[in-house]
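Participant:
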Amino acid sequence: MAPTTLTSQAPLPKRRRIGVLTSGGDAPGMNGAVRAVVRMAIHSDCEAYAVYEGYEGLVNGGDMIKQLHWEDVRGWLSQGGTLIGSARCLSFRERPGRLRAAKNMIMRGIDALVVCGGDGSLTGADVFRSEWPGLLEELVKTGELTPEQVEPYTVLNIVGLVGSIDNDMSGTDATIGCYSSLTRICNAVDDVFDTAFSHQRGFVIEVMGRHCGWLALMAAIATGADWLFIPEMPPKDGWEDDMCDNITKNRGERGKRRTIVIIAEGAHDEQLNKITSDKVKDILTDRLGLDTRTTILGHTQRGGSACAYDRWLSTLQGVEAVRAVLDMTPESPSPVITIRENKIMRTPLMDAVKETQDVAAHIKKRDFIGAMELRDPEFKEYHYAYKNTATPDHPKLALPEGKRMRIAIVHVGAPAGGMNQASRAAVAYCLTRGHTPIAIHNGFPGLIRHHADKPVGSVREVKWVETDAWVNEGGSDIGTNRGLPSEDYETTAQCFEANKFDALFVVGGFEAFTAVSQLRQAREKYEAFKIPMVVLPATISNNVPGTEYSLGSDTCLNALIDFCDCIRQSASSSRRRVFVIETQGGKSGYIATTAGLAVGAVAVYIPEEGIDIKMLARDIDFLRDNFARDKGANRAGKIIMRNESASSTYTTQFIADMIKEEAKGRFESRAAVPGHFQQGGKPSPMDRIRALRMAIKCLMHLETYAGKTKDEIASDEMSATVIGIKGSQVLFSVMGGEAGLEKNETDWARRRPKAEFWLQLQDTVNILSGRASAKDTWSCYEDDDKVYARSHAPSPSYV
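Residue numbers for the sequence shown follow the working numbering, beginning at 183 and rising by one.
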């Protein structure tokens with residue numbers, strides 16, 4: 183069987199020269215975007231040019247515009263800030279400056295520009311594009327360029343990427359850098375917790391955000407802040423009394439020893455009078471006699487390497503930006519690459535900019551409702567969720583007695599970041615609405631043990647003050663267990679009846695999905711199971727049908743990239759070393775693939791594709807060629823990710839040994855197994871805030887069944903559901919029935935969804951590592967009289 187090269191018959195895309203610049207402020211993840219643009223451009227048979235120091239480099243030209251090659255962006259994913267520099271350029275705001283910029287681009291042959299920055303930078307880019315024909319005409323008229331020089335560049339294509347820690351761009355759920363900044367804030371507040379608790383102090387934490395309160399709102403949710411100030415929704419007149427009453431109640435009646443107030447730097451009251459952190463501190467000190475300190479986090483929020491989500495986001499958006507460049511026509515409006523829930527999208531750039539600027543205009547006019555309406559639905563949902571769970575006393579929100587329910591909360595499966603936060607949100611919402619939250623300790627086995635002759639307190643009502651401490655705790659405070667109801671249906675049903683459960687909120691992974699599936703199917707025999715049930719997926723494996731995101735998966739990825747960054751440092755210091763890192767994930771390769779994307783892995787081995795000897799031989803040849811060309815000059819440490827179930831034969835150690843043997847001393851290899859380190863410590867901010875949002879949606883769904891009969895509930899397919907993110911939506915998916923998850927979307931044998939959205943990311947990993955080109959040479963081979971071929975073309979779109 184001899185490998186042969188498969189020549190593509192498809193026409194090559196037009197060879198382009200694509201420039202990339204970062205402008206305005208810096209944000210973690212910008213380097214990942216530049217890296218992705220450069221490598222995707224080269225993969226697409228284009229040339230990539232970096233414009234150093236933002237628009238200033240475009241105006242000045244010369245050495246500030248440089249061609250970047252594949253190896254030039256190695257290691258950029260883990261670097262903070264922007265390695266090509268960023269500067270605010272006054273000259274580019276004037277036409278003479280843009281005229282010089284146009285000439286520099288023509289002289290370099292650059293006909294497309296990817297701009298990563300805020301709304302001001304992106305607006306400037308679109309103005310540049312609209313003026314482009316006139317600029318070229320003037321350059322020819324003044325004799326600075328000839329018609330022949332200008333003729334190939336009559337159209338300038340602009341694509342925007344939003345790099346901003348404030349997350350203030352409309353039309354997108356997240357901007358590059360915002361979750362990294364949120365991580366810095368949460369880490370700082372978590373550290374403050376200990377001091378605040380020990381001394382019963384209050385802390386006023388000021389975070390960035392001029393016209394946008396996203397960072398403040400998300401930090402308040404993720405840290406369980408007692409009070410919040412954001413510019414879009416200022417406090418009502420008399421807020422000083424309301425804040426003091428709330429904090430007094432939390433500390434006095436509920437026993438809290440710490441007080442946290444989060445304030446955005448752009449906070450103001452309804453009359454647009456600025457509210458400062460010092461003013462809030464003085465109020466708490468003077469009125470409550472509270473020992474209060476102020477912490478202004480400042481530019482520490484911008485520093486450090488990007489978190490997993492920002493590496494993932496910047497990489498996919500950079501790849502999509504190059505695709506957008508190649509797809510654009512002279513009539514196409516300039517796009518900005520955005521994300522809605524879990525879907526990468528293209529949005530008309532100036533539409534997004536206008537909506538963003540309209541928010542500030544509405545705030546200036548004191549039209550705060552209008553400002554909130556212009557924010558994304560996700561922002562408004564989070565704000566609603568925070569207001570309704572920050573304290574349990576909202577008389578207007580309490581339901582009448584006949585609508586109140588006894589809602590059981592249980593964790594099923596392995597621990598995952600976000601479990602505690604989901605339960606905390608559920609308890610707070612229950613108390614706000616008048617429901618009774620009941621915690622089942624240690625899963626279904628704990629429930630059954632409680633029903634024995636000598637109960638061990640495994641089922642009990644939960645109080646608000648107990649759950650407040652769960653705000654930043656990892657694992658599962660009420661305990662979790664892999665046991666299923668099918669182990670003892672009879673006793674489980676008796677427990678449901680004895681405790682008078684009206685609804686069941688299940689947080690967990692594939693076992694949680696299985697448990698609710700079993701309870702749903704057992705309804706015909708057991709009346710006790712005819713109650714509404716909902717699963718909130720929480721597992722580091724992200725393998726629950728009905729969702730593209732599970733609580734805990736982001737925490738796992740952040741723990742894993744921290745591990746990999748340390749490993750890569752060792753590998754790079756040794757210059758010529760490969761590390762094969764084993765990831766968890768069961769029979770789903772999600773964690774391995776996404777982590778591979780975030781750390782720039784050379785290859786990722788997953789159960790969905792398996793491992794064979796030809797694949798290993800090809801990858802060893804690829805590594806050998808890389809090290810031969812590198813000659814030890816460019817810190818050439820490399821990482822291979824291997825899912826724990828990718829192959830029973832080709833183990834992590836076996837692959838490392840095989841690479842070492844075949845390297846023949848030219849380079850080294852090591853195996854590394856982070857194991858349960860991947861479950862992480864404290865949950866990531868994303869897992870914390872999404873736990874709140876998803877849990878409240880689940881509780882709102884459950885309470886729609888209040889007052890219904892058991893038969894009415896059992897006949898409703900929506901009474902047993904899974905909440906999840908699918909593409910650009912958050913929705914509930916039916917478990918049973920002809921169209922349900924159990925029948926149509928579940929691979930029960932492999933414990934994962936039948937269709938896994940992230941499989942497309944494997945192509946991106948291979949493209950950005952250069953492995954895709956190596957695969958092409960092995961994609962056609964002969965075996966006896968048959969010819970086999972496998973397509974490795976990159977997917978045209980991402981979810």
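Glycine included, each C-beta is placed from N, C-alpha and C at the ideal position.
Hey, how far is the Cα of Leu941 from the Cα of Ala783?
Facilitator: In a straight line, the C-alpha of Leu941 is about 16 Å away from that of Ala783.
Participant: Which of helix, strand or coil does DSSP assign to Lys248?
Facilitator: strand
Participant: Take the Cβ of Leu194 as the centre, count every other Cβ of all protein chains shown within 10 Å, and call the residue buried at 16 or more, exposed below.
Facilitator: Per-residue confidence for Leu194 stands at a pLDDT of 37, beneath the threshold of 50, marking its modelled position as unreliable; the derived number appears in the next sentence. It counts as exposed.
Participant: If you draw a straight line from the alpha carbon of Asn948 to that of Thr765, how long is it in whole angstroms?
Facilitator: 18 Å
Participant: Taking Cβ to Cβ, would you say Ser496 is nearer than 8 Å to Met212?
Facilitator: Closer than 8 Å, so yes.
Participant: Reducing DSSP to helix, strand and coil, say where Lys636 ends up.
Facilitator: Low per-residue confidence applies at Lys636: pLDDT is 49, beneath 50, and the placement is therefore not dependable enough to give any value.
Participant: Can you check which of these residues, Arg366, Gly656, Glu583, Cys738, is closest to Ser605 by C-alpha distance?
Facilitator: Gly656
Participant: By alpha-carbon positions, which one of Arg586, Ser732, Gly734 ends up nearest to Leu884?
Facilitator: Arg586
Participant: Buried or exposed: Ile795, going by 16 or more other Cβ atoms within 10 Å of its Cβ?
Facilitator: exposed
Participant: With 16 as the cutoff for other CB atoms within 10 Å, does Met917 come out buried or exposed?
Facilitator: buried
Participant: May I ask which residues mark the beginning and end of the beta strand (DSSP E) holding Cys298?
Facilitator: 294-299
Participant: When burial is assigned at 16 or more other CB atoms within 10 Å of the CB, is Gln911 buried or exposed?
Facilitator: An exposed status is given to Gln911, since fewer than 16 other beta-carbon atoms sit within 10 Å of its beta-carbon.
Participant: Tell me which same chain residues have a C-beta within less than 6 Å of the C-beta of Ser459, skipping the five on either side of it?
Facilitator: Val386, Glu388, Ile445, Thr476
Participant: Grouping DSSP H, G and I as helix and E and B as strand, with all else coil, what is Leu581?
Facilitator: Correct three-state label for Leu581: coil.
Participant: In chain order, what residues of the same chain have a beta carbon less than 6 Å from the beta carbon of Glu693, not counting five sequence neighbours either side?
Facilitator: Val594, Gly595, Arg664
Participant: Per DSSP, Ala230 is paired with what?
Facilitator: DSSP, once it has assigned bridges, lists Ile200, Leu250 as partnering Ala230.
Participant: Please go through the same chain and pick out, in chain order, the residues whose beta-carbon is closer than 6 Å to the beta-carbon of Asn602, but skip the five residues on each side of it.
Facilitator: Trp652, Glu655, Asp659
Participant: Can you tell me where the beta strand (DSSP E) holding Thr529 begins and where it ends?
Facilitator: 525-530
Participant: Applying the 10 Å Cβ sphere with the 16-neighbour rule, what's the burial state of Gln453?
Facilitator: exposed
Participant: Glu502 by DSSP, collapsed to three states: which one?
Facilitator: helix
Participant: Just reading off the beta strand (DSSP E) that Trp409 is part of, what are its end residues?
Facilitator: 409-411
Participant: Quick check on Pro719: does DSSP put it in helix, strand or coil?
Facilitator: strand
Participant: Would you mind working out which of Leu466, Trp396, Phe836 sits nearest Leu423, comparing C-alpha positions?
Facilitator: One detail in the question is off: residue 423 reads as Asp in this sequence, not Leu. For the residues Leu466, Trp396, Phe836, the minimum Cα distance to Asp423 belongs to Leu466.
Participant: What residue range does the alpha helix (DSSP H) around Glu414 cover?
Facilitator: Counted as a single uninterrupted DSSP element, the stretch harbouring Glu414 is not any alpha helix (DSSP H), since DSSP gives it neither H nor E.
Participant: What I want to know is whether the C-beta of Leu531 ends up closer than 7 Å to one or more non-hydrogen atoms of the ligand GDP.
Facilitator: As far as ligands go, the structure on display features none, and thus does not contain the ligand GDP.
Participant: Rounded to the nearest angstrom, what separates Gln331 and Trp396 at their Cα positions?
Facilitator: 47 Å
Participant: Are Ile224 and Trp258 close, meaning C-beta to C-beta below 8 Å?
Facilitator: no
Participant: Excluding the 5 residues preceding and the 5 following Gly600 in the sequence, name in chain order all residues of the same chain whose CB lies nearer than 6 Å to its CB.
Facilitator: Excluding residues up to 5 positions away in sequence, Ala720, Leu733, Gly734, Pro865, Asp869, Ala873 lie with their Cβ nearer than 6 Å to the Cβ of Gly600 in the same chain.
Participant: Extract the residue ranges of the alpha helix (DSSP H) inside the region 778-816, only unbroken runs of 4 or more that lie entirely within it.
Facilitator: 795-812
Participant: Which term fits Lys636, buried or exposed, when burial requires 16 or more other beta carbons within 10 angstroms of its beta carbon?
Facilitator: Unreliable positioning characterises Lys636 in this predicted model, as indicated by a pLDDT of 49, which lies under 50. The coordinate reading is nonetheless provided below. Looking at its Cβ environment, which holds fewer than 16 other Cβ atoms inside 10 Å, Lys636 is exposed.
Participant: Which whole-angstrom value is the C-beta distance of Met415 and Asp348, which I expect to be below 8 Å?
Facilitator: The Cβ separation is near 16 Å, so there is no contact.
Participant: Compare the Cα-Cα distances from Ser205 to each of Ser268, Val644, Ala954 and report the closest residue.
Facilitator: With distances taken between Cα atoms, Ser205 lies closest to Ser268.
Participant: Thinking C-alpha only, which one of Asp254, Pro512, Val337, Val647 is nearest Asp812?
Facilitator: If we check each option's Cα against that of Asp812, Asp254 comes out closest.
Participant: Looking at the secondary structure, which residues open and close the alpha helix (DSSP H) in which Pro867 lies?
Facilitator: 867-884 is the span of the alpha helix (DSSP H), which, as asked, contains Pro867.
Participant: Tell whether a beta-carbon distance below 8 Å holds between Met840 and Leu798.
Facilitator: Yes, they are a contact pair.
Participant: If you draw a straight line from the alpha carbon of Ala710 to that of Lys890, how long is it in whole angstroms?
Facilitator: 14 Å
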